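I have placed the structure first, in the form of structure tokens, so that the comments after it can refer back to it.
Number of protein chains: 2
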Amino acid sequence: MTRQPDDRLAIGEVSARTGAAVSALRFYEELGLIASERDERNQRRYPRHMLRRIALVSVAKRIGIPLQDLREAFADVPLDRPPSHQEWQRASRAWKLRLEERRRTIERLEAELTGCIGCGCLSMKACTLLNPGDTLAEDGAGPRRL
Amino acid sequence: MTRQPDDRLAIGEVSARTGAAVSALRFYEELGLIASERDERNQRRYPRHMLRRIALVSVAKRIGIPLQDLREAFADVPLDRPPSHQEWQRASRAWKLRLEERRRTIERLEAELTGCIGCGCLSMKACTLLNPGDTLAEDGAGPRRL
DNA sequence: GTACGGCCTCAAGTAATCTTGAGGTCAACA
DNA sequence: TGTTGACCTCAAGATTACTTGAGGCCGTAC
């Protein structure tokens, strides 16, 4: 297909540039995570600013954060026009907080696991991975979430 | 149920201590991620060292790492007896590498997102989130994975 | 003795995240 | 003029990670 006099991208091009499968792009659209316009042949056309959204979706997927979370974080960023600097900034900050939270969780686990490697994790009482609150369950209501 | 003369734990106790649902524990066992013995009434009994395995499963789940990865990392740690210090250490180290990898991915994304917040991500050419290799796709084989 | 709680199995259902398949349009190329 | 490739829709299938439900066993408490 030769290039339209249109700077918007066809779904195949978007797929090639973002690495997301064509089927995945259609699926994200169904979820309302991204949006597209249609050309005179009813084919999807993506404005360039949509690549940014798609990149975010790929990222969320890659680090195992549910798409629903992304949807919430970027709920206020419009899909039908290029978001303003401010709109994008606000949502990006919220999303960055999510990432930080996730990172800190992993950091904590790394630290705990390092402790476990050191101690061999042979002592239940000493292992923070197992025993986050440093308590041993005396009755039914023992330590719960890690 | 009063306490057996058995230091192994019933499935309900394990659930209470680890925060994993009873049904999830049975499921993990089916997957071969954990194991249990049976008592004279055919009820599952968990040796205490199994709590460690279960904690790891909960963690993997929580940070969005597929259980299959955990299975691979801990493939060499025996389920039928308390693992030796060395066995546990080796697997823990491997798993820690996974965590580090995941953390670094997130760190990189955080940094990129920070850049995007700064620049407003209004310039495609400058945005590393969108354009990791600093190239714009000239033809079909554009930048792929983020 | 019967009700209740904790356990059992096995099958089916759910949710998230997609992919695959069937059937069709349209434009370009040999 | 055919055939190829990119796109379309809609429905069904796949995978991961579980939960729920039906039907049943056993021991303790009222």
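In the order they appear, the protein sequences are chains L and D. Going by the numbering used here, the residue at position 72 of the first sequence is 72; the numbering climbs one at a time, nothing skipped. Going by the numbering used here, the residue at position 52 of the second sequence is 1052; the numbering climbs one at a time, nothing skipped. Ideal Cβ positions, reconstructed from N, Cα and C, are used throughout, including at glycine. Given the structure is predicted, the values throughout are model-derived calculations rather than measurements.
Coarse secondary structure for residue i, derived from DSSP in three states
{"i": "Leu9 of chain L", "result": "strand"}
{"i": "Arg38 of chain L", "result": "strand"}
{"i": "Arg108 of chain L", "result": "helix"}
{"i": "Ala20 of chain L", "result": "coil"}
{"i": "Arg1081 of chain D", "result": "coil"}
{"i": "Arg90 of chain L", "result": "helix"}
{"i": "Arg1048 of chain D", "result": "coil"}
{"i": "Asp69 of chain L", "result": "helix"}
{"i": "Phe74 of chain L", "result": "coil"}
{"i": "Met124 of chain L", "result": "Legend: pLDDT at Met124 of chain L = 44, less than 50; position of this residue unreliable, no value from coordinates given."}
{"i": "Gly1115 of chain D", "result": "helix"}
{"i": "Leu1033 of chain D", "result": "coil"}
{"i": "Ile1178 of chain D", "result": "Coverage of chain D is limited to positions 1001 through 1146, which leaves residue 1178 of chain D absent and any answer about it impossible."}
Contact under 8 Å by Cβ, residue i with residue j
{"i": "Leu1025 of chain D", "j": "Ser1015 of chain D", "result": "yes"}
{"i": "Arg1103 of chain D", "j": "Ile65 of chain L", "result": "no"}
{"i": "Arg45 of chain L", "j": "Leu9 of chain L", "result": "yes"}
{"i": "Leu79 of chain L", "j": "Val57 of chain L", "result": "no"}
{"i": "Ala21 of chain L", "j": "Glu29 of chain L", "result": "no"}
{"i": "Trp88 of chain L", "j": "Val77 of chain L", "result": "yes"}
{"i": "Glu1101 of chain D", "j": "Glu100 of chain L", "result": "no"}
Integer Cβ distance of residue i from residue j, believed to fall under 8 Å
{"i": "Arg1048 of chain D", "j": "Asp1007 of chain D", "result": "7 Å"}
{"i": "Ala1055 of chain D", "j": "Thr1018 of chain D", "result": "6 Å"}
{"i": "Leu51 of chain L", "j": "Ala60 of chain L", "result": "Contact flag wrong, Cβ pair sits at about 15 Å."}
beta-carbon residue i near the ligand MN non-hydrogen atom, thresh 7 Å
{"i": "Ala1060 of chain D", "result": "Because no ligand of any kind appears in the structure shown, any question about the ligand MN cannot be addressed here."}
Item to check | Residues, ordered as in the chain, of the stretch 95-120 of chain L that lie near chain D by beta-carbon distance below 8 Å | outcome: The residues in question are Trp95, Lys96, Leu99, Glu100, Arg102, Arg103, Thr105, Ile106, Glu107, Leu109, Glu110, Leu113, Thr114, Cys116, Ile117, Gly120.
Checklist entry - Residues in the stretch 61-78 of chain L with C-beta within 9 Å of chain D's C-beta atoms, listed in sequence order? => result If the cut-off is 9 Å between Cβ atoms, the stretch 61-78 of chain L has Arg62, Ile63, Gly64, Ile65, Pro66 near chain D.
Next on the checklist: For the stretch 1035-1060 of chain D, list every residue whose C-beta sits within 7 Å of some C-beta in chain L, in sequence order.
Outcome noted: Result list: Arg1048, Leu1051, Arg1052, Ala1055, Ser1058, Val1059.
Next on the checklist: Counting only Cβ-Cβ distances shorter than 9 Å, please list the residues of the stretch 1002-1024 of chain D near chain L, keeping chain order.
Outcome noted: In summary, the residues of the stretch 1002-1024 of chain D whose CB is separated from some CB of chain L by less than 9 Å are Gly1012, Glu1013, Ala1016, Arg1017, Thr1018, Gly1019, in the order they occur in the chain.
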